[in-house]
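K.L.:
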Amino acid sequence: MRLLFLAVAAACGGGQPPAALPAAPPATPVSAVATAVAKAKRIRSVGGITEYTLDNGLQVLLFPDPTQATVTVNVTYLVGSRHEGYGETGMAHLLEHMLLKGSKRHGNSLKTFDERGAWTNASTWTDRTNYYETLPATGDNLDFALDVEADRMVNALLLPKDLETEFSVVRNEFEMGENDPGDVLETRVIAAAYLWHNYGKDTIGSRTDIEKVPVPALRAFYEKYYQPDNAVLVVSGKFEEAPTLATIERLFGAIPRPTRVLAPSYTVEPVQDGERTVTLRRNGDVHVISVAYHTVGAASPDYPAVLAALDLLDREPSGRLYKKVVETGLAASISADQYRFRDPFLAIVTAEVRAAKHVDKVERTIMRELESLGTSKIDAKEVERWRASELKDLELAFADSQQLSIELSEFAALGDWRALFAYRDRIAKVSAADVARVAQTYFKSSNRTSGRFIPSKDADRAPLTETPDIAAVVAGIESGDIKDKGEVFAATFENIEARTRRVQLASGIKAALLPKKTRGGKVQLRLDFHWGDEKSLQGKATIAELTAELMQRGTRRKSYQDIQDLENQLRSSISISGDADGFSLHIETLRDSLPGALDLAAEMLRAPSFPANQLDLIKQEHLAYHEQQQQDPTAIAWATFGQLSNRWPKTDPRYTLSPAEQIRETSRVRLADIKAFYKEHVGIAAAELSIVGDFTPESITAQIDKLFGGWKSQRPYVRLAGRPFGVPGLARSIDIKDKEMTQLVAGHDLAMQDTDPDYPAWLLVGQLLGGDTSSRLWVRLRDKEGMSYGAGAWTFAGALDDDGGFGAEAIVAPQNLAKARTALVEEITRLTTTKVTEDELQRAKNGWLKSQDTNLSSDGYVTTMLATQTHRGRTTEFVLALRAKLERVTVADVERVARQHLQPGKLVIIDAGDLAKAK
């Protein structure tokens, strides 16, 4: 076990941090010369250490020790690899090297200190960088050391020529770390454990970032963080306090306080939600195992107990893991520790294993001991051993002012140097119960990241690739004309209606055809077939869906692969989908390929082979999807809403199946069910065709008649009618554990058809409430209160039946659920009781109309629209008439319709998510 910490000399490894700081304003370069000198203000004295601050923000700690013959100066900057941004990995460490090269008043500090017989060094870690030197306490050595540190705080040279030479030095240090498989494995495990926080990035940095960092970027980083308000100066050893403080005031107090403000870091690593594993293969002889668990930051009250838990595992010779894997000869060594970092870090256990045959057993033993520690009996003697050892090391450290002054860097990096004394006091209070509690809290399999180093003499690796020079890639490319550029087509309802041909084909198919020249000759086709009636479809909704999907998985003459290959040859995309009401054929292709694509589609529809293996595959896909939906708040909320709002019997094809019911029904389907359903229902009972794009209507309709003529369904088609159920208002909460998002759904049904005089105003009610980003729900839940990523509402009415209604939804964090539900109901209610402004109404009209206009730019949308109109016995004239009516809607119309038809008291309100997080 490490005591206190290990100051990592000249920058080194161990898991490193995220870009935790946001971009700050550029620092203002400052000079070490100012017109006034800041005076030190005494703050406090603890354990013989006296704290002062200067007006420029510098924190000064004086720790006189007349028993020493030396004096130590240690300057800690509160910047480390945790503060590096994208492309800046290794910058804090590289800067440390550069600052040793010299400043305006002093040259290479390593050489100048050597000449004075000093011991000097610098180190970079995740949360801080420090520079320290110990000199004989004679002559002007202390003043000299303080002058060097004050000068390099703001006057470092950072010369390009120095950067060139230091690159190779840092690279060499990088390569030195890469030679130790155990260190590399630890770095990889830490990186895998952290998704967002910069502790996941090694302090030494990326080789390419180190090699490519420009001097201006390095200087900007320096000027931002190397300032007195971000530094702690420690002087310890043999010195006189008053003159030393005066020297500090003169040298450091002359540095102005920077104008920039450092933003606090705020990145929080989320709770790990499952085991992660890493494998490292490199040249070596000994296997290494590393197992890590997220725990706490070093200032946490739990930190000493975590260290105690690790100590009773790896301590020689009493440690539990030491006895089980080292004394038994399974492992050559075992170690357990946690670095002293500001933010929550990892408890890491590492074992070296000589024999490959023991690796699995050692890893299992480590995991089992850690993850059962919280429920095992912990002897107070085990904790006392750790406590005695830790207090001994602390006492020895306090007796060495030189060492303690350097170690204060680690505690200053936690946020306050006095954390050292808080840690000392907490050691005395750790109990066996505390150790068991932290072990049970943090040493969980779901919180574990593990790694293995596997020695490999001949590692086979992919080559390093670089981003291509895009200018070279595109050099010489000439623009070529596209053969079919298409026509200028006005995508308006009026033009679509004028250009659409509506015909009844000899095969019984009703067609809406919109031929036009398109770019590349593209054409889209939709052919809808309707099947069955309420009686014949009872309990067969899932069979109907699977029948449609299976038709595209093979024919009597072609396998599924044959079909895929032919589609590619024809440059076509063909799909078949279905539900209880029927199935649809979709073709997206080019003009010359349309006849061939139609032939293939007709073969799929009329001569399916229904391969049993493909049905099994489809069922597996559906089952996996519905199993996932069982834990999906959105799927559960909407299924529940559908069942509570539309009270159809469970066997009725209009019934809303829950994910669990979908699983049950899908599992029951057999190939015989598919074949029987196809035989009885598939064929032309009622069908609508729509084609939009570059095609010749006469030849294509003749081909369709030839392909589908005489293909009749044995079962006549009777439309499944809809109706409102008038369900009284109710609320239901569904608990789905371990979800960070809650789905909120609300709505009610209404007896209204889209020919109702109130329908245009009813549409605008929905638009006003939640149709776009200017709507009331969006503005309230997202813009003003920031509770929801997305919130919306809509109103609707039946085209063929009186089955209209209102719906609304929002996605929110569980803790915001109650507020969001209240806000949603308030806004719905407010529309029935308050005024609507003319400006608000006009925005709603424009939003609804322009949304429709935008949709017309998609040929796929137009194809679906034409097929739907044909099924309903309408043309685009209905839409044009509706738009005209909507334009004439007044404020009074909207207010009246809202009060008459919007019914807050009848809302069915469903929320699905983690209810424990909503409290």
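Going by our numbering, the sequence shown wraps up at 1302, each residue one higher than the last.
In this text, a Cβ means the ideal position worked out from N, Cα and C, and glycines have one as well.
Computed from a predicted model, the values in this text were never measured in an experiment.
Pull up the distance between the alpha-carbon of residue 494 and that of residue 539, whole angstroms please.
P.N.:
On the sequence shown, position 111 is the one that residue 494 refers to. On the sequence shown, position 156 is the one that residue 539 refers to. Roughly 16 Å separates the two Cα atoms.
K.L.:
Less than 7 Å between C-beta atoms, sequence neighbours within five positions excluded: which residues of the same chain meet that for residue 486?
P.N.:
Counted from its first residue, the sequence shown places residue 486 at position 103. Hits under 7 Å: 534, 535, 538, 539, 540.
K.L.:
Which same chain residues end up closer than 8 Å to residue 1006 when comparing Cβ atoms and leaving out the 5 residues on each side of it in sequence?
P.N.:
Counting from 1 along the sequence shown, the entry for residue 1006 is found at position 623. Only 1046, 1049, 1050 meet the Cβ criterion.
K.L.:
Apply the 10 Å Cβ neighbour rule to residue 1279 and answer buried if 16 or more other Cβ atoms are within range, or exposed otherwise.
P.N.:
Along the sequence shown, one-based indexing puts residue 1279 at 896. Looking at its Cβ environment, which holds fewer than 16 other Cβ atoms inside 10 Å, residue 1279 is exposed.
K.L.:
Could you say if the region 447–464 and the region 710–717 meet the contact criterion of at least three C-beta pairs nearer than 8 Å?
P.N.:
These segments do not touch.
K.L.:
Does the beta-carbon of residue 522 have 16 or more other beta-carbons within 10 angstroms, so that it is buried, or is it exposed?
P.N.:
Taking the sequence shown and counting its residues from 1, one reaches residue 522 at position 139. Exposed: under 16 other Cβ atoms inside 10 Å.
K.L.:
Between residue 673 and residue 731, is the Cβ-Cβ spacing less than 8 Å?
P.N.:
Within the sequence shown, residue 673 is the residue found at index 290, counting from 1. Within the sequence shown, residue 731 is the residue found at index 348, counting from 1. Cβ distance < 8 Å, so residue 673 and residue 731 count as in contact.
K.L.:
For the alpha helix (DSSP H) containing residue 507, name the first residue and the last one.
P.N.:
Numbered from its first residue, the sequence shown carries residue 507 at position 124. Segment 502–507 is the beta strand (DSSP E) holding residue 507; no alpha helix (DSSP H) there.
K.L.:
Alpha carbon to alpha carbon, how far is residue 1179 from residue 1142? Give it in angstroms, no decimals.
P.N.:
Position 759 of the sequence shown, counting from 1, holds the residue named residue 1142. Position 796 of the sequence shown, counting from 1, holds the residue named residue 1179. Cα-Cα distance, rounded: 8 Å.
K.L.:
Confirm, please, whether the CB-CB distance from residue 724 to residue 680 is below 8 Å.
P.N.:
By one-based count along the sequence shown, residue 680 stands at place 297. By one-based count along the sequence shown, residue 724 stands at place 341. Yes, these two residues count as a Cβ contact at 8 Å.
K.L.:
Could you check the C-alpha separation between residue 1130 and residue 1190 for me, to the nearest Å?
P.N.:
The count along the sequence shown starts at 1 and reaches residue 1130 at position 747. The count along the sequence shown starts at 1 and reaches residue 1190 at position 807. Spanning the two alpha carbons is a distance of roughly 4 Å.
K.L.:
So for residue 1047, helix, strand or coil by DSSP?
P.N.:
The sequence position of residue 1047 within the sequence shown is 664, counting from 1. Note: residue 1047 maps to helix in three-state DSSP.
K.L.:
Where does residue 1288 fall in DSSP's three states?
P.N.:
Here residue 1288 is taken as the residue at index 905 of the sequence shown, counted from 1. Residue 1288: helix per DSSP, three-state reduction.
K.L.:
Opposite residue 1195 in the DSSP bridges: which residues?
P.N.:
Residue mapping note: residue 1195 aligns to position 812 of the sequence shown, counting from 1. DSSP output for residue 1195 lists 1125, 1171 as bridge partner(s).
K.L.:
Report the rounded CA-to-CA distance for residue 513 versus residue 796, giving the unit in angstroms.
P.N.:
Your numbering for residue 513 matches position 130 in the sequence shown. Your numbering for residue 796 matches position 413 in the sequence shown. Residue 513 and residue 796: Cα-Cα distance of roughly 10 Å.
K.L.:
Can you tell me whether residue 481 is buried or exposed, with buried defined as 16 or more other CB within 10 angstroms of its CB?
P.N.:
Mapped onto the sequence shown, residue 481 falls at position 98. Residue 481 comes out buried.
K.L.:
Considering only C-alpha positions, which residue in the set 1097, 1029, 1117 is nearest to residue 1019?
P.N.:
To locate residue 1019, count along the sequence shown from 1; it is residue 636. The shortest C-alpha separation from residue 1019 is found at 1117.
K.L.:
Scan the region 1178–1259 and note each continuous beta strand (DSSP E) run of 3 residues or more that stays entirely inside, going in chain order.
P.N.:
DSSP runs (the beta strand (DSSP E)) wholly in the region 1178–1259: 1187–1195.
K.L.:
On the DSSP bridge assignment, give the partners of residue 472 in chain order.
P.N.:
By one-based count along the sequence shown, residue 472 stands at place 89. Looking at the DSSP assignment, residue 472 forms no beta bridge with any residue, so it has no partner.
K.L.:
Within the region 593–659, note down every full beta strand (DSSP E) run reaching 3 residues or more, in order along the chain.
P.N.:
Counting whole runs of 3 or more residues, the region 593–659 contains the beta strand (DSSP E) stretches 614–620.
K.L.:
So, are the CB atoms of residue 1122 and residue 961 less than 8 Å apart?
P.N.:
As a first step, residue 1122 is located in the sequence shown; it is residue number 739 there, counting from the start. As a first step, residue 961 is located in the sequence shown; it is residue number 578 there, counting from the start. Contact: no.
K.L.:
For residue 606, is the classification buried or exposed, using 16 other Cβ atoms within 10 angstroms of its Cβ as the cut-off for buried?
P.N.:
As a first step, residue 606 is located in the sequence shown; it is residue number 223 there, counting from the start. Classification of residue 606: buried, given that the 10 Å Cβ count is 16 or more.
K.L.:
If we call anything under 8 Å between Cβ atoms a contact, is residue 460 one with residue 608?
P.N.:
Taking the sequence shown and counting its residues from 1, one reaches residue 460 at position 77. Taking the sequence shown and counting its residues from 1, one reaches residue 608 at position 225. Contact flag set, yes.
K.L.:
How would you label residue 1108, buried or exposed, when you count the other beta carbons within 10 angstroms and need 16 or more for buried?
P.N.:
Here residue 1108 refers to the residue found at position 725 of the sequence shown. It is exposed - the Cβ of residue 1108 has fewer than 16 other Cβ atoms within 10 Å.
K.L.:
Along the chain, where does the beta strand (DSSP E) containing residue 670 start, and where does it finish?
P.N.:
Position 287 of the sequence shown, counted from the start, is the residue given in the question as residue 670. Residues 670–677.
K.L.:
Does DSSP classify residue 1295 as helix, strand or coil?
P.N.:
Residue numbering aside, residue 1295 sits at position 912 when the sequence shown is read from its first letter. Note: residue 1295 maps to strand in three-state DSSP.
K.L.:
Could you pull out every residue in the same chain whose Cβ sits closer than 8 Å to the Cβ of residue 571, ignoring the five residues on either side in sequence?
P.N.:
Here residue 571 is taken as the residue at index 188 of the sequence shown, counted from 1. Once the five neighbours on either side are set aside, the close Cβ partners of residue 571 are 661, 663, 834.
K.L.:
What's the C-alpha gap between residue 776 and residue 783?
P.N.:
On the sequence shown, position 393 is the one that residue 776 refers to. On the sequence shown, position 400 is the one that residue 783 refers to. Straight-line Cα distance between these residues: approximately 11 Å.
K.L.:
Between which residues of its own chain and residue 770 is the CB-CB distance below 8 Å, once the five residues before and five after are set aside?
P.N.:
What you label residue 770 is simply residue 387 of the sequence shown in a count that begins at 1. So the qualifying residues of the chain are 691, 810, 811, 813.
K.L.:
Assuming residue 828 and residue 1098 make a contact with CB atoms under 8 Å, what is their CB distance in whole Å?
P.N.:
By 1-based counting over the sequence shown, the position of residue 828 is 445. By 1-based counting over the sequence shown, the position of residue 1098 is 715. Between residue 1098 and residue 828 the Cβ distance is about 55 Å, and since that is not below 8 Å, they are no contact.
K.L.:
Hey, how far is the Cα of residue 1111 from the Cα of residue 1284?
P.N.:
Within the sequence shown, the letter at position 728 stands for residue 1111. Within the sequence shown, the letter at position 901 stands for residue 1284. Using only the alpha carbons, I get a separation of about 14 Å.
K.L.:
Taking the beta strand (DSSP E) that residue 970 falls in, what are its first and last residues?
P.N.:
Stepping through the sequence shown from its first residue, residue 970 is reached at position 587. 965–973 is the extent of the beta strand (DSSP E) around residue 970.
K.L.:
Is it right to say residue 599 is buried, meaning 16 or more other beta carbons lie within 10 angstroms of its own, or is it exposed?
P.N.:
On the sequence shown, residue 599 is found 216 positions in, with the first residue counted as 1. Its Cβ having fewer than 16 others within 10 Å, residue 599 is exposed.
K.L.:
Can you tell me which of the three DSSP states residue 545 falls into?
P.N.:
Taking the first residue of the sequence shown as 1, we reach residue 545 at position 162. Note: residue 545 maps to helix in three-state DSSP.
K.L.:
For the beta strand (DSSP E) that contains residue 838, what are its first and last residues?
P.N.:
In the sequence shown, residue 838 corresponds to position 455, counting from 1. Here the beta strand (DSSP E) through residue 838 covers 831–838.
K.L.:
For a test of the three-state rule: what should DSSP assign to residue 451, helix, strand or coil?
P.N.:
Translated into positions along the sequence shown, residue 451 becomes position 68. Residue 451 falls in the coil class under three-state DSSP.
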